[in-house]
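To start, the structure under review is shown below, and the notes come after it.
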Amino acid sequence: MCVRSQITFLLLACNFCAFVYAQDPSCCHHAAEFSQCREACDQLTSIRSESHLRFLYQRLPSYCPESMNELWICINSTLPGASRKSDGWVGLGCCELAISAECRRECKQASSKNDIIKVCKKDTEKPLYNCITKNEMGSVCCSYAGRHTNCREYCQAIFRTDSSPTVSQINAVNQYCQSISPQLISCVANYTKSYPTRSPIDSLYCCDRAEEAHCQTACKRILRTMTTENEIMESLIAECGSQPLPQDPLWQCFLGSVHLPTKSNPETSPTAKMDCAKLHCCSKANTSLCRDMCHEISTNWGTQTWQEFDQLCEYNNVETDLITCLADVREPCQLGCKDLTYCTNFNNRPTELFRSCNIQSDQGALNDIKLWSNGTIRMPLMNIPVLDIRKCQPEMWKAVACALQIKPCYSRSRGSVICKSDCVDILTHCGDFTRFPEGQTPERICDLLSPTDDPERCIPLHRYLTPSPFENIEEVIHPCNPNPCLSNHLCEVNRKGCHPGQDCLPYFCVPGCKLGEASEFLVHMEARIQVPMRSGQLGCYEVCTCGQSGRLENCAEMPCIDTTKTCIMGEQRKSHGESFKVDCRLCSCYAGEFICSSRQCPSIEHSDEDRRLFVGLPCGCADHFVPVCARNGRTYPSACVARCVGFQDNQFKFGSCRSTEPCSPNPCQRNQRCIPKRRVCLTTTKDYPCLQYECVSRPSGCDPNQLDPACDTDNMEHANLCLLYQRGKTLAYMGHCQDACRVRQEVCGHNGETYSTVCEAFSDRVAVDYHGLCHAVGAVSEFMADSGCNAVPCPPLSTPGCNPVTPPGACCPVCAGMLQILWNKQQMDLFARLNRNQPVTVHDILRILRLHISVPQCDIFGYLSIDSEIVVLIVPVDQQPTPLQSLGPITVCHTCSS
1 MCVRSQITFL LLACNFCAFV YAQDPSCCHH AAEFSQCREA CDQLTSIRSE
51 SHLRFLYQRL PSYCPESMNE LWICINSTLP GASRKSDGWV GLGCCELAIS
101 AECRRECKQA SSKNDIIKVC KKDTEKPLYN CITKNEMGSV CCSYAGRHTN
151 CREYCQAIFR TDSSPTVSQI NAVNQYCQSI SPQLISCVAN YTKSYPTRSP
201 IDSLYCCDRA EEAHCQTACK RILRTMTTEN EIMESLIAEC GSQPLPQDPL
251 WQCFLGSVHL PTKSNPETSP TAKMDCAKLH CCSKANTSLC RDMCHEISTN
301 WGTQTWQEFD QLCEYNNVET DLITCLADVR EPCQLGCKDL TYCTNFNNRP
351 TELFRSCNIQ SDQGALNDIK LWSNGTIRMP LMNIPVLDIR KCQPEMWKAV
401 ACALQIKPCY SRSRGSVICK SDCVDILTHC GDFTRFPEGQ TPERICDLLS
451 PTDDPERCIP LHRYLTPSPF ENIEEVIHPC NPNPCLSNHL CEVNRKGCHP
501 GQDCLPYFCV PGCKLGEASE FLVHMEARIQ VPMRSGQLGC YEVCTCGQSG
551 RLENCAEMPC IDTTKTCIMG EQRKSHGESF KVDCRLCSCY AGEFICSSRQ
601 CPSIEHSDED RRLFVGLPCG CADHFVPVCA RNGRTYPSAC VARCVGFQDN
651 QFKFGSCRST EPCSPNPCQR NQRCIPKRRV CLTTTKDYPC LQYECVSRPS
701 GCDPNQLDPA CDTDNMEHAN LCLLYQRGKT LAYMGHCQDA CRVRQEVCGH
751 NGETYSTVCE AFSDRVAVDY HGLCHAVGAV SEFMADSGCN AVPCPPLSTP
801 GCNPVTPPGA CCPVCAGMLQ ILWNKQQMDL FARLNRNQPV TVHDILRILR
851 LHISVPQCDI FGYLSIDSEI VVLIVPVDQQ PTPLQSLGPI TVCHTCSS
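Counting from 1, position 87 in the sequence shown corresponds to residue 87 in the UniProt record's numbering; the numbering is continuous, with no gaps.
Right under this line is the structure:
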């Protein structure tokens, strides 16, 4: 194989070679006399991000010329199936799995995978390609055994099996190969860790399918205490008194979960070989070509499609939404940038967002400048000849290199586009026109590479020509950036504090699941995730659970929605997912249907007197505050408003929801305790009742080490809620007991509820509007001329000089970022059914969004407005926030809302 083809193969196989080569940095010594190449090569050993590795592998030929034969041969020797024809093609034994006779014949005559791609289509010959991929991995790993027969045979047994590797197989490899080849052990570990041995507790969710309560309890005890399949099945039969019939829900679930999906049998898992996070983006494609290619790169590993996709779609102006979405998946935007030694103007920016602020990108920018100093900038679509950039606007070129590597995030920027005016300016001054291709000009080049000056879609270089204006960046910290957790764990900001007298970290590492075996994107354990169907059909999804095994499982299909349907508004058409305003109402198009807030708008036909009297409330209701509690758990300011948003007279009661006592009379059984559990539900049908209480059995034991502080009505703090209830106390609020909340001092929340203390409101994830009992209806429309808030004394702003917002229905402005969310009632009912018939609540939404607030100085609050929008506020929570802390939540919210 010639060196040119070796480089090509390197680029095509980068997804797989990333983890192989990163374990073996010895090739870099071949570049010892070429510093640029050696630096780029050494970077590979420290990078773990798939997107970083793919980016650097594609650029490596620019740093390391093709003439460096020994280096490229060494690198290529670690790739799957490369230069191993003497050992026989690794896919030869898979040919019998081909479905069509033509493919089977071509496979037997082929000498490499590339020889069969044109005849054997990947979408119809999946068993063949799955077998080849597994064999390629085995060929790479087991080649490290050299002449040691036993080690090679035990290694090959790992890849030869049609099921997940057993513990004994893995132990045998470790025993026979540890002293022979650490590279082999590492390579096999990378394979086996991707397919962990299933533990019995991974099937715990099946126990809930049992009809009898005693069977559910016994099932969970058996799975936690027994290990072998025979023991478990015999004990389940004895305890539950039934034979394992396939129509029994318990056995149907349990038997279906016994065998793990494997690489050679991916059909049993809806997420095998998929990257569901990237697959979500494919629906954003505007051309069928890029949509199909996106689906291919999201469902297959290490194919040539990545190169083709980059060439045809990455710089396609009509595919901005698709490319931005993929950039968000590969490298999500993160707040803050610091500790860079070359791109120092990017440091000390705690309220700005970046995709790739790390040491590797900092070094990459320096390497780029060294490379560009040779007089040519190599881009995916062209090479740009330039003058000596060390003399011609060097600071501007440094900003270019750093911006393309560090990737500042703007609301619709994929992180690799500088603004067109900057591009034209720098090429006009520093482009080498004597070497420009015929007909090329700075304007034409920038039309292709940087087609916009839209501040939401490009990186303005002038921002990074000078240092950050902030100095004391410790006012805003980012405990999870850089990520301190293992690759299969998510990082969460520690908002629970520490046990008394103990030190603790400012973050938690919690287990998660990847969105498919080919994905790096993690979701939380026990989370229910909507993922696209494998077929790739637009608008078709299923909801899966992140199980204890670290995999998505227990998937259930959702009804498909027609995302091609548009909403017709006069002469305009709105596409699915597009948001817009109709008069003063916020609206969104959902599969051809309008979803709008119920906001009241003044008519242009109204007289001046009508406009003066316009109250802005739904149905023109008077702005009197005579609260009623509706069956969704929301307090509305009057019966008129409750009726207007769809409640019948028998579906609400006079008085606020918090003034009612859900546990009187006691609805629970004798051996249970009734606990108030106030919530506002987005599902209100009789199938998913919005109960305001919870019946709990008295705990027999609690874990004192589990920290989730709770404060009781006697102002005594407990490590967790279980201990509080075990001691017979009544909950006042969640969180550490606060001296400021020791005395009852009523406040009115944005949801129209009166709370005994600020702590109680915050525990309910509701921010405070004003002090005292709720007694006024706040503004819900910018057109309101008057409201009941005129007599309300508003508290001073937390940070003087901030840019405040007044949430819908509130009286007083607050320093915060605000996000307003429209939602679909039918979809909420569907999610409730898939969530074991549990209603979807506003707290559920806030709890999930709260995980994405990455600084402890800010927190999230929210409520359901009387216009049926979910209003989310991101608020600084320090007692005396600094201007920098007040700026942070506005930055976060701007990014989220766009």
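Every residue gets a Cβ at the ideal spot worked out from N, C-alpha and C, and that includes glycine.
| Check | Outcome |
| --- | --- |
| Buried or exposed (CB count within 10 angstroms, at least 16 for buried), residue 142 | buried |
| Sub-8 Å separation of residue 637 and residue 752 beta-carbons | yes |
| For residue 314, the residue or residues it bridges with in DSSP | Residue 314 pairs with nothing; no bridge assigned. |
| Residue 171 versus residue 138: straight-line alpha-carbon distance, rounded | 17 Å |
| Three-state secondary structure assigned by DSSP to residue 749 | strand |
| Nearest candidate by alpha-carbon position, reference residue 179, set 806, 311 and 148 | 148 |
| Spatially closest choice to residue 708 from 733, 29 and 130, by CA coordinates | 733 |
| Residue range of the alpha helix (DSSP H) that includes residue 762 | 758-763 |
| Proximal residues to residue 504 (C-beta, below 6 Å), its chain only, five neighbours per side dropped | 498 |
| CA-to-CA distance, residue 629 to residue 651, given in whole angstroms | 9 Å |
| Local conformation of residue 519 per DSSP, three classes | coil |
| Residue 582 vs residue 596 beta-carbon contact at 8 Å | yes |
| Residue 766 versus 60, 100, 442 and 678, residue with shortest Cα-Cα distance | 678 |
| Contact set for residue 210: own chain, Cβ-Cβ below 7 Å, skip 5 residues either direction | 216, 219, 240 and 250 |
| Simplified DSSP assignment, three categories, for residue 576 | coil |
| Beta-carbon proximity check, residue 839 vs residue 683, cutoff 8 Å | yes |
| 8 Å Cβ cutoff met for residue 509 and residue 489 | yes |
| Bounding residues of the beta strand (DSSP E) (the contiguous stretch that carries residue 861) | 858-864 |
| Alpha-carbon to alpha-carbon, residue 738 and residue 724 | 17 Å |
| Integer-rounded CB distance, given that residue 779 should sit under 8 Å from residue 806 | 7 Å |
| Residue 545 versus 756, 836 and 65, residue with shortest Cα-Cα distance | 836 |
| Given 8 Å, three or more beta-carbon pairs between the segment 845-865 and the segment 683-699 | no |
| Inter-stretch contact (C-beta, 8 Å, three-pair minimum) for the segment 344-351 and the segment 462-476 | yes |
| Residues that residue 386 bridges to, as DSSP identifies them | 431 |
| C-alpha distance - residue 188 paired with residue 412, whole-angstrom precision | 41 Å |
| Complete runs of the alpha helix (DSSP H) confined to the segment 419-506 [at least 4 residues] | 420-430 and 442-449 |
| Close Cβ partners of residue 103 (< 6 Å) along its chain, the five nearest in sequence each way excluded | 119, 120 and 125 |
| Cutoff 6 Å; reference residue 882; Cβ partners in own chain excluding five residues on either side | 475 |
| Per DSSP, the bridge partner or partners of residue 588 | 579 and 595 |
| Simplified DSSP assignment, three categories, for residue 186 | helix |
| Validate contact between the segment 532-546 and the segment 312-322 using beta carbons, cut 8 Å, 3 pairs | no |
| Beta-carbon gap between residue 827 and residue 871 smaller than 8 Å | no |
| Minimum C-alpha distance to residue 560 - residue among 535, 578, 584 and 572 | 535 |
| In DSSP terms, what residue 139 is bridged to | Answer by DSSP bridge pairing: none, since residue 139 is not bridged. |
| Nonlocal neighbours in the same chain, by C-beta distance under 8 Å from residue 648, ignoring five residues either side | none |
| Residues near residue 774 by beta carbon distance below 6 Å, same chain, minus five either side | 748, 752 and 754 |
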